[in-house]
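Quick note: the sequence shown uses the working numbering, first residue 1, plus one each step.
From the three backbone atoms N, C-alpha and C, an ideal C-beta is built for every residue, glycine too.
First comes the structure, then the notes that go with it.
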Amino acid sequence: MRKRTVALIVVAAVLVALAGGVYWAGRHLFYEPTARSVDSVVGELGGTRVLGVFAHPDDEQTVNGLFWRAKRDDGAYTAMITATPGEAGEQSPPVGRQSDLADIRKAEALKNSWNLGVDRHVVWDYPDGGLSEVDEDELVEQVVAEMRKVKPDVVVGFWPASGATGHKDHMLMGEVTERAIAELAASDGGYTGPKHLVYTISPSTALTLFGGETGARVVANQPEPELAMSAEVQKKHEGWTIHASQANFMQESYLLPTWLIYLLWDQEFYHVRDLEADPIR
């Protein structure tokens with residue numbers, strides 16, 4: 001009996017060691033060696049007013065940790081722009097009439113930002129998947145107007161050449177954000193724009209492995225992140241519950257269950273541009 005007990009203990013120890021090895025190997029897929037870990041990106045930058053500029057409902061899921069900690073830990077005023085109501089999205093799983101999807105996803109975005117403690121969130125009605133058909137100058141002016149209302153010292157958005165996922169709407173809103181900041185910096189008097197522009201960056205190894213051609217293109221065209229912080233995984237899970245029409249998005253994108261993805265991907269990564277030292281021209 002004693003030998004059998006010892007054997008079982010040895011087998012259990014081996015299995016635990018194997019599981020631990022698999023876990024750490026999996027975590028490596030969602031690790032960025034250039035990123036220094038901080039408690040809060042906004043706190044690290046000394047931000048007090050934060051504005052996120054996004055294209056679609058659920059884009060804010062990439063920045064849960066940043067916004068949650070900016071409000072909870074730093075006491076910052078937080079706001080978001082979502083340029084489209086997401087009406088062209090594919091429901092996964094279906095939760096309502098496709099003709100009502102714009103209303104459904106707008107409501108999901110507003111509820112999720114409220115769950116993150118966001119103070120102000122505007123969702124515009126530009127066409128999902130068709131932002132390139134909109135007069136870009138109009139989009140810039142809309143973002144400029146919102147920035148003048150919010151007066152952020154930190155703006156969070158997409159890197160224009162990659163858009164975090166390669167989506168053209170993301171890339172365009174990244175460009176629009178930069179143009180809006182440049183326009184404010186060139187204005188006379190009043191609010192002249194944020195001090196920092198923070199870009200959300202996707203984990204390069206995982207995206208290369210699971211993202212196909214699009215993932216490889218994103219990785220090739222995004223900068224290395226300097227900062228990493230907690231992804232506030234519980235808020236990620238709550239967010240996908242709120243975004244019920246997109247609840248299966250993560251497993252369909254990464255081919256892994258959502259719970260496993262966030263067990264491994266528990267950090268957010270950011271590239272920061274100091275606009276006083278490196279202004280947008």
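Mind reading off the beta-carbon distance from residue 53 to residue 227? Whole number of angstroms is fine, and I expect it under 8 Å.
Not confirmed; about 19 Å, so no contact.
Less than 7 Å between C-beta atoms, sequence neighbours within five positions excluded: which residues of the same chain meet that for residue 255?
So the qualifying residues of the chain are 210.
Per the DSSP calculation, residue 200 is bridged to which residue(s)?
According to DSSP, which records beta bridges pairwise, residue 200 is partnered with 270.
Which residue marks the beginning of the beta strand (DSSP E) containing residue 113, and which one marks its end?
Looking at the DSSP string, residue 113 is not in any beta strand (DSSP E); the run it does join, the alpha helix (DSSP H), is 101-115.
Does residue 241 pass the burial test, meaning 16 or more other C-beta atoms within 10 Å, or should it be called exposed?
Residue 241 is exposed by the Cβ-count criterion.
For residue 132, tell me which candidate among 221, 105, 83, 149 has the shortest Cα-Cα distance.
Considering only alpha carbons, the answer is 83.
Just checking my contact of residue 50 with residue 156 at CB under 8 Å: how many whole Å lie between their CB atoms?
7 Å between Cβ atoms; contact.
Got a sec? Which residues, its chain only, sit under 8 Å from residue 110 by beta carbon, not counting five neighbours each side?
If we look at residue 110 and ignore the five residues flanking it on each side, its Cβ neighbours are 121, 123.
Once DSSP output is grouped into helix, strand and coil, what is the label at residue 242?
Here residue 242 sits in helix by DSSP.
On the DSSP bridge assignment, give the partners of residue 123 in chain order.
Paired residues: 82.
Report yes or no: do the segment 153-167 and the segment 112-121 share at least 3 C-beta pairs separated by less than 8 Å?
With a cut-off of 8 Å, the segment 112-121 and the segment 153-167 do not count as touching, because too few Cβ pairs lie within range.
Which two residues bound the contiguous alpha helix (DSSP H) that contains residue 29?
It is not in any alpha helix (DSSP H) - residue 29 carries neither H nor E in the DSSP assignment.
Using only CA atoms, which one of 269, 59, 229, 237 lies nearest to residue 261?
It is 237 whose Cα lies nearest to the Cα of residue 261.
Check the C-beta distance from residue 70 over to residue 47 and give it rounded, since I have them as a contact under 8 Å.
Confirmed, about 7 Å.
Whole-angstrom Cβ separation of residue 180 and residue 150, contact assumed at under 8 Å?
Not really, about 12 Å apart at Cβ, beyond 8 Å.
Quick check on DSSP: helix, strand or coil for residue 193?
Looking at residue 193 - three-state DSSP - the assignment turns out to be coil, as it is neither helix nor strand.
Thinking just about the alpha-carbon of each residue, which of 146, 175, 92 is nearest to the one in residue 191?
When each option's Cα is compared against that of residue 191, the closest is 146.
When you compare only the Cα positions, how much space is there between residue 186 and residue 247?
C-alpha separation (whole angstroms): 42 Å.
Looking at the secondary structure, which residues open and close the beta strand (DSSP E) in which residue 230 lies?
Note, residue 230: beta strand (DSSP E), 227-230.
Of the choices 127, 200, 182, whose alpha-carbon is the least far from that of residue 281?
Among 127, 200, 182, the Cα nearest to that of residue 281 is on 182.
Does the separation of the CB atoms of residue 43 and residue 231 fall below 8 Å?
Against a cut-off of 8 Å, the Cβ pair of residue 231 and residue 43 comes out as no contact.
Using beta-carbon positions only, say whether residue 164 and residue 202 come within less than 8 Å of one another.
Yes.
Tell me where the beta strand (DSSP E) around residue 52 begins and ends.
Its beta strand (DSSP E) spans residues 49-54.
Cutting at 7 Å between CB atoms, please list the residues of its own chain near residue 273, excluding the five before and the five after it.
196, 197.
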